[in-house]
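One structure below.
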Amino acid sequence: MKKLITWLIIIGLFLVVATMLKPRHTTVVVMEVAPMVVGRTTCDVDNHPVVFIDPRVIGTNEERFTRIHEFTHVHQMANDCKLFASRYAQDKYFRVSHELEAYCAELKEKVRYGENADAAMHFVKNEFAEV
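Each residue of the sequence shown is one higher than the one before, starting from 186 at the first, in the numbering used here.
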């Protein structure tokens with residue numbers, strides 16, 4: 186009986202760990218986002234991230250850069266998408282720090298693809314000019 190209980194506990198712990206390690210699926214929707222915006226990440230009704238990418242960038246390097254930026258946000262939302270989105274909308278400092286992380290990932294990829302680092306930094310500087 187003791188062995189059976191031990192095995193049930195081990196199996197139960199294994200199932201808990203397997204559930205926690207299960208990768209979350211992120212939906213990517215190709216549709217027009219907004220004027221001058223090529224990507225956006227939000228939450229679906231099940232509290233999972235959804236990435237929207239503008240069709241104008243599909244098949245270009247800009248799509249790759251946009252995906253890196255938006256999937257940085259997906260990673261940031263890993264624990265609770267809706268809580269992240271709420272805080273992102275309400276807390277300017279939270280939003281800026283997370284956008285900086287996403288832009289840094291995007292810029293790193295742009296430089297890797299041969300884009301001018303100064304021009305890329307100028308773009309980011311303009312993005313944050315109104316903050």
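Just so you know, even glycine gets a beta-carbon here, dropped at the ideal spot from N, CA and C.
Please name the residue in THR251, HIS258 and ALA304 whose C-alpha comes closest to that of CYS228. HIS258
Are VAL294 and ILE253 touching if we call contact CB-CB under 9 angstroms? Per the sequence shown, the amino acid found at residue 294 is Glu instead of Val. In this structure, the beta-carbon distance from GLU294 to ILE253 falls below 9 angstroms.
Just to confirm before moving on: does the CB-CB distance between VAL236 and THR211 stay below 9 angstroms? yes
Beta strand (DSSP E) segment containing ARG241, residue limits: It is not in any beta strand (DSSP E) - ARG241 carries neither H nor E in the DSSP assignment.
Continuous beta strand (DSSP E) stretch holding VAL281: start and end: Not the beta strand (DSSP E): VAL281 falls in the alpha helix (DSSP H), residues 277 to 297.
Determine the DSSP secondary structure at THR227, reduced to helix, strand or coil. It is a strand residue.
Under DSSP, the beta strand (DSSP E) around VAL215 begins and ends at which residues? 212 to 215
Cα separation between ILE238 and ARG249? 10 angstroms
Can you tell me whether GLN261 is buried or exposed, with buried defined as 16 or more other CB within 10 angstroms of its CB? buried
Proximity of ALA305 and LEU292 at Cβ, strictly below 9 angstroms: yes
With a threshold of 7 angstroms on Cβ separation, who are the neighbours of CYS266 within its own chain once the five nearest residues in sequence on each side are excluded? Closer than 7 angstroms at Cβ, skipping near neighbours: CYS228, ASN232, HIS233 and PRO234.
Cβ separation of ALA302 and VAL296, assumed to be a contact under 8 angstroms, to the nearest whole Å: Distance from ALA302 to VAL296 at the Cβ level is roughly 5 angstroms; contact confirmed, criterion being Cβ atoms closer than 8 angstroms.
Span separating the alpha-carbon of GLU247 from that of LYS188: 58 angstroms
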